[in-house]
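Numbering (UniProt numbering), first residue to last: 1 to 742.
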C-alpha cells in the first residue's frame, strides 16, 4: 500500500529546547506502530559498527553528501488549503467561458484541459513536498539517528509514502476521466465528468490531510534547528548535567546558551564556532547524560548519545570535582566507563572543572584513584599509539569557568589534538601518496667544514640592547595601576606630563569655577598691563565728560527764546503723554473710521491748511474727496465744470426743481442704504419688473443647484465622474500577477 522505496527521511541537526511533540503523540494516530523498546534498539550502536573507523564511515557518505539547509523547505499546506490553492489556480489559468453551441470536439477539449491542468498542479505540488524533504539514503548517519530520536523515522517514512501514493492516485484518476471525456456526447455530460474528476482528486488530498499536517509540524521544527556539519572540525562537550558545559561554550565561542544552577537546563544540541591557528572549529554543547541503561534514557539524553556515536570530533568529558552539580565523582566515573565505547578512535580529554571551589590536589584518595583510572582509559584513545599510554600531557586538564583559569588551555589542547589526528589520517590515505610524489624539498649541502655564524652589526646590537633596557625601565600606566590597588582605586595623574617653567607648579591647585565663572576664560598673561591701560583710558574719559557736561538753564537766553523753549518743552511732554496713553490702550482700543472722528482732527479744512502751508493748491483735492463721499449707487456723480468745458459745452442743463421721479427715488435709496432690505425687494438695476418675478427667479436658482449640491459638486464646472466599479476589478478574468486583490 505505502511504497517505502519512494519515501524519504528527514534530517535534523540540533534539537530545539522547546519540546519534542513528535515522539509520543502525532497528528497521525494511525501511524503509531512501534513502542519505545524498538526505538532504543534501533538507536544503539552495534559492536561491529564501533570497530569500523569513523573516517571510513564519513568518506562513504562524503561523496554523496548533501547540503543540510532545512530552512528552505517549502511550507506544507493542510488539506483544505491545498484544495483551495489548486482549484483557484485552475479557475484563473484555464478558460472559463463555454457555450452549448460549440462543437462537441471543442467542448471535450475544454473540459479535458481543466482535468489535465488540475492533475498537473497536484502532481507538481506533491512532488515538491517529496523532493524537498531529505532522503534517508543521502544523509549522514548522525542525522538519520537524530531524526529517529526526534520525529520517529517510521512515522516520517509513512507520511511521505502516503503523499507519494496520493500523487499516483491523482494521476490515475486524471488518466481515466480524460478517456471518458473523449467520448462525452453533450455539454452536460462533459461537465459532469469534469466535476467528478476534480471531486475525486480533492477527496484523495483531504484523506492525506493528517499526513500533510504532520509534515508541516516536522518542517517547522526542522527550520528552527541550527546546522551541524558532520565533516567539519568539531569539539564535542559531554558529561553529567550541571557540570559547566554551557558555561565553557559561552566562554570560547559567541554562543549564548542559557546557564542556570539546576540540572537539564540544556535540552538540545547547541552549536558555537571558534578559531584556532586560523582554522574554524565548531563546538557542540550536548545535554547532560545520566548513568542508566539505554532503555531508560529519554529523548534529551539520546541526542547526546547520537552525537557521540556518529560525529568525528574531539571529546571533552567534563568532570565536576567539587560535587556541586549534585553527583559524586564515583557516579561520573561510572558514566564515563558506560559510554567509553563511543570514544573509540577519537581524541579524548578529561576536564576537571570548578577548581575554584576545590582544587584537584585536595580531593580524596578514592576519588583521585577514579580520576586516574579515567585518565588511563583516555590514553588508549590516542590515534596511532596502539593503545599504549605514551603521552599524558593533554589528557587530564583542570580549569574554572568562573575565574576563566585554564579555559583557553583546554580549548587549545582539544583543537591541537583534533588537528593532529586529522593530519595523521590524511597522511595515511592514498591521496596523500599521490601528492607527496609531486613535492621535492631542496636541502642545501655544506661547501666545507667551516662554521659560519650569523653576522649582526654592532650598531644593531647596541640599538636592540638600548631598546630592551628602556622597555624594562619604563613603567606604563597599567603597571602603576596594578601596583596601587587596581582599577577603581588608582587614579592616573594627568599633570605629570605638563610642560611648565617650574616643575613645582604641576601640583598647584587651580580652581576651575570661581564666583560662577570659568577661571580659564579670564587667564591672560598680560592682565596687569591691560588693567593699567583701562584705568588710564577711564581717567581720560572722566576729564572729557567734566568739560562737555552742561545744561541749558535759560539764564543766557532772551525772553523770546525762553518763551519758545517753554513752548517746545510743553509740546514735547504732551506728545509723550499721548503716546503713552495710546500705547497702554492699544490692545483694547477699537479701530474707528475717520468719519466717526469726534475730535475733528482729520478734516478737510485742516488738510487744506497743511497743503497751503506747503505751497500747494488744495481745491482739487478737497473737491475730489467731497465727490467720493457721495454714494455711487444712490446718485450719479455730477460732472465737473472742467469736464463739460472739455467736451465742448454740449452738456444738457438740468433744472434742479424739475428732477425726475427716478432721480428722487435713487437719492432716497442712497440715504437709507444702511437699512436692511428683504430678499424679495426689487432694487433698480437688477432686471426684475416686480418682486413676484424676483421671488420666482430665486426659487428657480435654488432648484437648479439642488442636484449639484446633492452630488457634492464644487461648482457648475465640476464634471468629475467617480469610479464606482473599476472595470479591471469587476469584469473578466484576472491574468498573471493579478492575484494580490483576493
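For glycine and all other residues, C-beta sits at the position ideal for the given N, C-alpha and C.
Practice problem: Tell me whether residue 418 is buried or exposed, calling it buried when 16 or more other Cβ atoms sit within 10 Å of its Cβ. | Solution: Buried.
Quiz item: Under the rule that 16 or more other beta-carbon atoms within 10 Å means buried, what is residue 192, buried or exposed?
Solution: In the assembly as shown, residue 192 is an exposed residue. Its beta-carbon has fewer than 16 other beta-carbons within 10 Å.
Exercise. Quick one: give me the first and last residue of the beta strand (DSSP E) that residue 314 is part of.
Key: Note, residue 314: beta strand (DSSP E), 314–320.
Self-check item: beta strand (DSSP E) runs contained entirely in the segment 470–510, provided each spans 3 or more residues
Solution: Whole beta strand (DSSP E) segments, 3+ residues: zero.
Quiz item: Going by DSSP, what residues sit across from residue 270 in a beta bridge?
Solution: Partner(s): 285.
Quiz item: DSSP on residue 239, reduced to helix/strand/coil?
Solution: Secondary structure of residue 239 (DSSP, three-state): strand.
Exercise. Can you tell me which of 427, 370, 421 puts its alpha carbon nearest to the alpha carbon of residue 396?
Key: Ranking 427, 370, 421 by CA distance to the CA of residue 396 puts 370 first.
Exercise. Identify whether residue 681 lies in helix, strand or coil by the three-state DSSP scheme.
Key: Residue 681 falls in the coil class under three-state DSSP.
Quiz item: In this structure, does DSSP put residue 250 in helix, strand or coil?
Solution: Assignment of residue 250 by DSSP, reduced to helix, strand and coil, places it in the helix class.
Quiz item: For the beta strand (DSSP E) that contains residue 350, what are its first and last residues?
Solution: 348–353 is the extent of the beta strand (DSSP E) around residue 350.
Exercise. With distances taken Cα to Cα, identify the nearest neighbour of residue 507 among 452, 497, 582.
Key: With distances taken between Cα atoms, residue 507 lies closest to 497.
Quiz item: For residue 277, does the count of other Cβ atoms within 10 angstroms reach 16, so buried, or fall short, so exposed?
Solution: Counting Cβ neighbours within 10 Å, residue 277 comes out exposed, since fewer than 16 surround it.
Self-check item: CB contact flag (residue 311, residue 142, <8 Å)
Solution: Between residue 311 and residue 142, the C-beta spacing is below 8 Å.
Practice problem: Go ahead and label residue 211 buried or exposed: buried means 16 or more other beta carbons lie within 10 angstroms of its beta carbon, across all protein chains shown. | Solution: Residue 211 should be labelled buried.
Quiz item: What are the partner residues of residue 88, as DSSP defines its beta bridges?
Solution: The secondary-structure analysis by DSSP pairs residue 88 with nothing; it has no beta-bridge partner.
Self-check item: Residues that residue 748 bridges to, as DSSP identifies them
Solution: No answer is possible for residue 748: it lies beyond the span of the chain, which begins at 1 and ends at 742.
Practice problem: Please determine, among 444, 135, 155, 119, the residue with the shortest C-alpha to C-alpha distance to residue 205. | Solution: Among 444, 135, 155, 119, the Cα nearest to that of residue 205 is on 119.
Exercise. Identify whether residue 440 lies in helix, strand or coil by the three-state DSSP scheme.
Key: Three-state result, residue 440: coil.
Quiz prompt | Local Cβ density within 10 Å of residue 287, reported as buried at 16 or more and exposed below that | solution = Counting other Cβ atoms within 10 Å of its Cβ, residue 287 reaches 16 or more and is therefore classed as buried.
Practice problem: Would you check if the distance between the CB atom of residue 375 and the CB atom of residue 321 is smaller than 8 Å? | Solution: Cβ distance not < 8 Å, so residue 375 and residue 321 don't count as in contact.
Self-check item: Beta carbon of residue 237 nearer than 8 Å to that of residue 318
Solution: Yes, the Cβ-Cβ distance between residue 237 and residue 318 is below 8 Å.
Self-check item: Cβ distance (whole Å) where residue 306 is taken to contact residue 283 below 8 Å
Solution: Not quite, the Cβ-Cβ distance comes to about 17 Å (not below 8 Å), so this is no contact.
Quiz item: Buried or exposed: residue 582, going by 16 or more other Cβ atoms within 10 Å of its Cβ?
Solution: Looking at its Cβ environment, which holds fewer than 16 other Cβ atoms inside 10 Å, residue 582 is exposed.
Exercise. Can you grab the Cα-Cα spacing for the pair residue 203 / residue 167, in whole Å?
Key: Here the C-alpha atom of residue 203 lies approximately 12 Å from the C-alpha atom of residue 167.
Quiz item: In terms of DSSP beta bridges, what is residue 518 paired with?
Solution: 513.
Exercise. Would you mind sorting residue 285 into buried or exposed? The rule is 16 or more other CB atoms within 10 Å of its CB.
Key: With 16 or more Cβ atoms within 10 Å of its Cβ, residue 285 is classed as buried.
Self-check item: For residue 279, the residue or residues it bridges with in DSSP
Solution: Listed as beta-bridge partners of residue 279 by DSSP are 276.
Quiz prompt | Same chain, Cβ closer than 7 Å to residue 726, five either side skipped, listed in chain order | solution = Around residue 726, the same chain offers no residue with a beta carbon nearer than 7 Å, after the five sequence neighbours per side are excluded.
Quiz item: At what residues does the alpha helix (DSSP H) containing residue 712 begin and finish?
Solution: Counting along the chain, no alpha helix (DSSP H) covers residue 712, and no H or E run does either.
Quiz item: Can you tell me where the alpha helix (DSSP H) with residue 142 in it begins and where it stops?
Solution: Run containing residue 142: 141–151, per the alpha helix (DSSP H) assignment.
Practice problem: Using three-state DSSP, classify residue 603 as helix, strand or coil. | Solution: In the structure shown, residue 603 adopts coil according to DSSP, grouped into three states.
Quiz item: Using DSSP with H/G/I as helix, E/B as strand and the rest coil, what is residue 96?
Solution: Coil, per DSSP.
Self-check item: Distance CB(residue 149)-CB(residue 352) smaller than 8 Å
Solution: Cβ atoms of residue 149 and residue 352: not closer than 8 Å.
Practice problem: Compare the C-alpha of residue 301 against each of 328, 691, 329, 339 and name the closest. | Solution: For the residues 328, 691, 329, 339, the minimum Cα distance to residue 301 belongs to 339.
Quiz prompt | Residues near residue 659 in its chain [Cβ-Cβ closer than 7 Å; skip 5 each side] | solution = Here the model assigns residue 659 a pLDDT of 47, short of 50, so the residue's position is not dependable, and the following value carries that caveat. Cβ contact annotation for residue 659 (same chain, cutoff 7 Å, sequence separation greater than five): none.
Quiz prompt | Buried/exposed call for residue 445, threshold 16 Cβ in 10 Å | solution = Residue environment: residue 445 is assigned as exposed (fewer than 16 neighbouring CB atoms within 10 Å of its CB, all protein chains considered).
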